[in-house]
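Q: In the working numbering, the protein residues as written are 691 to 1156. Quick one: the structure is below, questions incoming.
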């Protein structure tokens, strides 16, 4: 059987710089013996195409909506064993990715992702209970579960900042008591009690009818959730869709002390529902149910993963971009959340955002023996990606402390690195997506400075809202 010869093209376009970096992988052309290696070949760069040609074969790549400037080719180099690298100037022929005003290239920001916290708050206020499982379309909230208040949550470490913002005692829960002779004998215990009362609360709990919105999840009272759709796994306290097995969130136990004026001390649980697992739709739209897993046992459904990779990547891309803007940081320590009390090995990822608006052209073209003028062109469409570096650790706690390199310890001590807790299923899916994208890159592009290079693809940021 004859060996199928093909050429693979991988190109990264940076709109802000109008620069296209091209990698041509010719490994399959050289696998059929030394004759092919000795055969001279040429790379032709034209306005819309990049062509590989030799005396006996051709392969033509057409880059859609991109105009190339062949005279600007530079940085031509051969990367062993079989990759050819070059760079050149380019610009879009269609679309609104960049604008040229007064000779300055200005990036036109895309429509903000619908996963932005403020937009999600407004969407929930409009959609109310019309929330569905992103995996199968089953309703998550009860039809009568109208939210009276939809409020944004502060950042995860808001209670830590509270001690910094207030330089004096800022609690009004304990009034000042006039100092008496009897009080003097108990002044120290009172001071101790007062100090405890002045500690800021570590979490916020919603009342019935409240929906608290974070960048990553919602907090709602358990009475709002449809019990026929969402079930609870006994060991891990995960919230799982009863129909398709989609991981939805966690149960957060509420302290039942009866001390709260709002009646939230009644022992009802708080449900933490992650935004990537649900979809809010306005009354004018519909959401079809395509899956039918009603015959699966509940334990088997809990292990089922029915989330669309495209939807998940959209969510993860927007999450990193939002967190980067919020904290003015491009480096994150992502780790599996402590709320997941499963026996799984914890995941710790170092993530470094390199380019949040990269456009990639990548395809493979079979080599043809026909003349170049008759060779069909391989049309390559652009893919928008978030490019990042990552390094992972998957050892138990004791082993991790002994085995983690200096990079992990250095990032942990760096105040400019932002911590990010994700549920274990989402952390595992993030790692799987990154590894898959790394394996699809040319060999020379898969690592940089001891980090792996990965992509997260996004389209129109079609996430939890319709």
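Glycine included, C-beta positions come from ideal geometry on N, C-alpha and C. From a predicted model like this one, the values you see are computed outputs, not experimental measurements.
Under three-state DSSP, which class holds residue 966?
A: Helix.
Q: According to DSSP, which residues form a beta bridge with residue 709?
A: When DSSP reads this structure, residue 709 sits in a beta bridge with 704 and 779.
Q: For residue 1105, does the count of other Cβ atoms within 10 angstroms reach 16, so buried, or fall short, so exposed?
A: exposed
Q: For residue 731, collect the residues of the same chain with a Cβ closer than 7 angstroms to its Cβ; drop the 5 residues on either side in sequence, then sort them by chain order.
A: Correct list, in chain order: 742, 743 and 744.
Q: Return the bridge partner residues of residue 719 from the DSSP annotation.
A: Looking at the DSSP assignment, residue 719 forms no beta bridge with any residue, so it has no partner.
Q: Between the Cα of residue 1145 and the Cα atoms of 920, 1128, 707 and 771, which residue gives the shortest distance?
A: 1128
Q: If we ignore side chains and look at the alpha-carbon of each, how far apart do residue 1109 and residue 840 end up?
A: 26 angstroms
Q: Tell me whether residue 1022 sits in a helix, a strand or coil according to DSSP, three-state version.
A: strand
Q: Determine, using beta-carbon pairs with one atom in the stretch 701-718 and one in the stretch 775-782, whether at least three such pairs fall under 8 angstroms.
A: Three or more beta-carbon pairs separated by less than 8 angstroms link the stretch 701-718 to the stretch 775-782, which places the two stretches in contact.
Q: Hey, is the stretch 811-829 in contact with the stretch 761-772, meaning 3+ C-beta pairs nearer than 8 angstroms?
A: As far as the Cβ criterion goes, the stretch 811-829 does not touch the stretch 761-772, which means the pair count is below three.
Q: Quick one: what's got a C-beta closer than 7 angstroms to residue 774's C-beta in the same chain, skipping five residues either side?
A: 714, 716, 733 and 768
Q: Exposed or buried, what is residue 701 when buried is set at 16 or more other beta-carbons lying within 10 Å of its beta-carbon?
A: buried
Q: Run through DSSP, which three-state label would residue 1105 get?
A: Coil, per DSSP.
Q: On the criterion of 16 or more Cβ atoms from any shown chain inside 10 Å, does residue 765 qualify as buried, or is it exposed?
A: exposed
Q: DSSP has residue 816 in a bridge; who is on the other side?
A: Residue 816 pairs with nothing; no bridge assigned.
Q: Looking at C-alpha atoms only, which residue of 836, 833 and 909 is the closest neighbour of residue 842?
A: For the residues 836, 833 and 909, the minimum Cα distance to residue 842 belongs to 909.
Q: On the DSSP bridge list, what partners appear for residue 1003?
A: Residue 1003 pairs with nothing; no bridge assigned.
Q: Reducing DSSP to helix, strand and coil, say where residue 695 ends up.
A: coil
Q: Going by the CB atoms, is the gap between residue 905 and residue 825 shorter than 7 angstroms?
A: Contact: no.
Q: Given a cut-off of 7 angstroms on the beta-carbon distance, is the pair residue 705 and residue 735 in contact?
A: no
Q: Quick check on the burial criterion: 16 or more other C-beta atoms within 10 angstroms. Buried or exposed for residue 1049?
A: buried
Q: Answer with buried or exposed for residue 828, where buried requires no fewer than 16 other C-beta atoms within 10 angstroms of its C-beta.
A: Buried is the call here.
Q: Have a look at residue 737 and residue 1040 and give me their C-alpha separation to the nearest angstrom.
A: 40 angstroms
Q: For the alpha helix (DSSP H) containing residue 1157, name the first residue and the last one.
A: Since the displayed the chain opens at 691 and closes at 1156, residue 1157 lies outside it and no answer follows.
Q: Rounding to the nearest angstrom, what Cα-Cα distance links residue 1012 and residue 739 in this structure?
A: Their backbone Cα atoms lie some 36 angstroms apart in a straight line.
Q: Between which two residues does the alpha helix (DSSP H) carrying residue 1115 extend?
A: 1114-1129
Q: So, is residue 1102 buried or exposed, given that buried needs 16 or more other C-beta atoms within 10 angstroms?
A: Looking at its Cβ environment, which holds fewer than 16 other Cβ atoms inside 10 Å, residue 1102 is exposed.
Q: Under 7 angstroms, do residue 963 and residue 941 count as touching if we go by C-beta distance?
A: no
Q: From what residue to what residue does the beta strand (DSSP E) around residue 745 run?
A: Segment: none, residue 745 is in no beta strand (DSSP E) and carries neither H nor E.
Q: Is it true that the CB of residue 1044 sits closer than 7 angstroms to the CB of residue 1002?
A: no
Q: Since I believe residue 1010 is in contact with residue 1076 (beta carbons under 8 angstroms), could you give me their beta-carbon distance rounded to a whole number of angstroms?
A: 6 angstroms
Q: Cβ atoms of residue 1080 and residue 1123: under 7 angstroms apart, would you say?
A: no
Q: Between the beta-carbon of residue 1067 and the beta-carbon of residue 816, is there less than 7 angstroms?
A: no
Q: Using alpha carbons as the reference points, say which of 915, 831 and 1055 lies closest to residue 696.
A: It is 1055.
Q: Rank 699, 1016 and 914 by C-alpha distance to the C-alpha of residue 807 and give the top, closest one.
A: For the residues 699, 1016 and 914, the minimum Cα distance to residue 807 belongs to 1016.
Q: Please report the Cβ distance between residue 968 and residue 822, rounded to the nearest whole angstrom; I am assuming they are in contact, meaning their Cβ atoms lie under 8 angstroms.
A: The pair is a contact, with the Cβ atoms about 7 angstroms apart (cut-off 8 angstroms).
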